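Trainee:
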Amino acid sequence: MIEGFMALLLFQLLGEAVAHLANLPVPGPIIGLILLLAWSALGGKLGQSGQQVAAGLMANLGLMFVPVASGILFQLRSLGPAAWHVVWIVVVSTAVTLVATAATFTMLSRRSAKEVQ
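For the sequence shown, the working numbering gives the first residue as 8, with consecutive numbering after it.
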């Protein structure tokens, strides 16, 4: 499992390096995820250890929203008039995420069904 965490941290480090060296306005971890996706698309694998780490992170994904949500609620007063903008952005981005997830699931299900036949 340590190897899986190290691989994820390596991609995060690479993303941070790219963001810093290229002076990009994108967070390093996002670039790291894009690099990990590209590496996976080219046939790279994280192995069993990476799968265990991914399963553990996915099982506890909801816990990662708790600090953000509590921080927003705690600072709601200091957001002032921007508070409604934050609420609107959260609602819209959640809806877009749900639609994109459903579309991706539908597309992959159809592709999988065609391969089985």
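Cβ atoms here follow ideal geometry from the backbone N, Cα and C, with glycine treated the same way. Model, not experiment: these values are computed from the prediction.
1) Checking 7 Å against the spacing of the C-beta atoms, do residue 21 and residue 50 come in under that value?
2) Out of 95, 16, 112, which one is the CA nearest neighbour of residue 42?
3) Residue 53 and residue 14: beta carbons closer than 7 Å?
4) For the alpha helix (DSSP H) containing residue 121, list its first residue and its last residue.
5) Is residue 114 near residue 59, with beta carbons less than 7 Å apart?
6) So, helix, strand or coil for residue 13, using DSSP?
7) If we call anything under 7 Å between Cβ atoms a contact, is residue 83 one with residue 90?
8) Quick check on DSSP: helix, strand or coil for residue 8?
9) Could you check how far apart the C-beta atoms of residue 35 and residue 29 are, in whole angstroms? I think they sit under 8 Å.
10) Using 7 Å as the threshold, is the C-beta distance between residue 11 and residue 78 below it?
11) I'd like the span of the alpha helix (DSSP H) that includes residue 66, first residue to last.
Mentor: Reading it off the structure:
1) Sequence index remark: in the sequence shown, residue 21 carries index 14 (1-based). Sequence index remark: in the sequence shown, residue 50 carries index 43 (1-based). For residue 21 and residue 50, no; Cβs fall outside 7 Å.
2) On the sequence shown, position 35 is the one that residue 42 refers to. Per the Cα distances, 16.
3) One-based indexing of the sequence shown puts residue 53 at position 46. One-based indexing of the sequence shown puts residue 14 at position 7. In contact: residue 53 and residue 14 (Cβ atoms closer than 7 Å).
4) Taking the sequence shown and counting its residues from 1, one reaches residue 121 at position 114. Element bounds for residue 121: 90-123.
5) Position 107 of the sequence shown, counted from the start, is the residue given in the question as residue 114. Position 52 of the sequence shown, counted from the start, is the residue given in the question as residue 59. No, they are not a contact pair.
6) On the sequence shown, residue 13 is found 6 positions in, with the first residue counted as 1. The answer is helix: DSSP assigns residue 13 an H, G or I state.
7) As a position in the sequence shown, residue 83 is number 76, starting the count at 1. As a position in the sequence shown, residue 90 is number 83, starting the count at 1. Going by C-beta atoms, residue 83 is nearer than 7 Å to residue 90.
8) Position 1 of the sequence shown holds residue 8. Three-state DSSP puts residue 8 in coil, outside helix and strand.
9) Against the sequence shown, residue 35 aligns to sequence position 28. Against the sequence shown, residue 29 aligns to sequence position 22. That belief does not hold up - the Cβ atoms of residue 35 and residue 29 are roughly 11 Å apart, past 8 Å.
10) Against the sequence shown, residue 11 aligns to sequence position 4. Against the sequence shown, residue 78 aligns to sequence position 71. No, they are not a contact pair.
11) Sequence index remark: in the sequence shown, residue 66 carries index 59 (1-based). Start and end: 54-66.
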